[in-house]
Each structure stands twice: as C-alpha cells, then as structure tokens.
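Numbering (the numbering used here), first residue to last: 161 to 351. Just so it is clear, CB atoms sit at the ideal spot from N, CA and C, and this is done for glycine as well.
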C-alpha cells in the first residue's frame, strides 16, 4: 500500500526499490495509488483484465511476424526527472531501436513507450486518464489509446496539435505511424 502522505519526494529508483510489484505510480516524486483509492474503489475486475489481454494479444500476434519492437503489460517507465514521474500503462509497445535497451533493463525503463494503452477501470476518473495521456505524450509517447470497456470506445491521443479521436463498434483501430500495417476491429478489443 502506498503512503497516504509521503514525507518526501522519491526518485524513480527509490520508488522502484520500495514499491515494485504494487499498483502504485510516481507523479512529481509522490506515490499515488493506481487507480486512485476512492470510496467506491474496487479491483479492476474481469472486464479490465480481458480487454488488456485482448489488446496485448493482438499486438503480440502482429509483432511475431513484424520485428518492430515488443509489447508488454504493466511495464514501468520513468517519464520525467526532478521531480520523477513513473507510469505503468496497462499495455505498451516499444519500437526499435529503443526496444533493445528497454528489454535489457532491470527495473524501470527510462523514457516513454511509443504506444501506451490505458484500459478504463471502474474506479478511474476521466481527469486522471487525461493526465496520464498528457504525461505519456509530454515524455515522448507517440500514441495513447484509452480503451473504455463500458462504452466500447477507444479514445486516441496524439498530442496537443491533434484533437482526440474516438472510435466505436464497427470501426477499425490502426496505428500507421507507430505500428505500420497493424489494424484491428474495435469490436475485437472487447471479445
């Protein structure tokens, strides 16, 4: 469990040493629950887990045939320093050449994934997900998907110069700049 009120800001290394494997993240050097604890907080549940697995499986199947990098779940990234920010997307993709260094890392990966995927949990708040998307993009992530199992929609963030795009059932999700040639039906994320 994270400290309710940490007495001092932590570095990414201190955070990893103390909290590895826990559902917490580091924002501006302070430990926060991921997702934040609220009175209605409950574990993510099967829908979150299934959708995360579906996204990861679709990416992994494509990457087996296309050596573009690697996909992972729950991998921690140090997005910023002084104060440190550590985030762990539900699913991510790291492209070559950074993939080699990231894969060889013991602990947190320095930098940002090329694709970060956050699957909405019952206790997530929109403002927190938007903040995460902004943090990923500010650190160099090229594409963020926020996948909502309840509405069966995908919110696509590309940065401040691009409006948020929303895809729903019957539409096709792709990532031509990040994963050339990859595409999947939005419906496939929720099967």
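Since residue i is in the alpha helix (DSSP H), which residue starts that stretch and which ends it?
| i | result |
| --- | --- |
| residue 263 | 258-264 |
| residue 350 | Here residue 350 belongs to no alpha helix (DSSP H), and DSSP marks it neither H nor E. |
| residue 172 | 172-179 |
With a CB to CB cut of under 7 Å and the five nearest residues on each side skipped, what residues in its chain are close to residue i?
| i | result |
| --- | --- |
| residue 235 | 248, 252, 269 |
| residue 259 | 229, 230 |
| residue 233 | 212, 216, 250, 251 |
| residue 267 | 176 |
| residue 218 | 344, 348 |
| residue 273 | 237, 249, 252, 253, 254, 301 |
| residue 325 | 316 |
| residue 342 | 222, 334, 335 |
| residue 205 | 282 |
| residue 226 | 341 |
Apart from the five residues on each side of it in sequence, which residues of its chain come closer than 6 Å, Cβ to Cβ, to residue i?
| i | result |
| --- | --- |
| residue 304 | 276, 293, 296, 317 |
| residue 262 | 254, 269 |
| residue 201 | Summary for residue 201: the model assigns pLDDT 43, below 50, so the residue's position carries little reliability, and this model does not support an answer. |
| residue 243 | 169, 188, 189 |
| residue 175 | 186, 246 |
Provide the residue(s) that pair with residue i in DSSP beta bridges, ordered along the chain.
| i | result |
| --- | --- |
| residue 291 | According to DSSP, residue 291 bridges with nothing at all. |
| residue 192 | 185 |
Evaluate residue i with the Cβ neighbour count: other Cβ atoms within 10 Å of its Cβ, from every protein chain shown; 16 or more gives buried, anything less gives exposed.
| i | result |
| --- | --- |
| residue 337 | exposed |
| residue 351 | exposed |
| residue 177 | exposed |
| residue 300 | exposed |
| residue 339 | buried |
| residue 291 | exposed |
Grab the span of the beta strand (DSSP E) containing residue i for me, first residue to last.
| i | result |
| --- | --- |
| residue 326 | 325-327 |
| residue 211 | Run containing residue 211: none in the beta strand (DSSP E); it sits in the alpha helix (DSSP H), 206-225. |
| residue 344 | 343-345 |
| residue 334 | 332-334 |
| residue 372 | Lying before the first or after the last residue shown, residue 372 is absent from the chain, which here runs from 161 to 351. |
| residue 276 | 275-279 |
| residue 338 | Neither: residue 338 is in no beta strand (DSSP E) and is coded neither H nor E. |
| residue 312 | Premise fails: residue 312 is in no beta strand (DSSP E) and is neither H nor E. |
Leaving out the 5 sequence neighbours to the left and right, which residues in its chain are closer than 8 Å to residue i when beta-carbon positions are compared?
| i | result |
| --- | --- |
| residue 211 | 279, 307, 309, 349, 350 |
| residue 346 | 312, 313, 314, 327, 328, 329, 330, 331, 332, 333 |
*Continuous beta strand (DSSP E) assignments of at least 3 residues falling wholly in the segment 230-259*: 237-240, 245-247, 251-255
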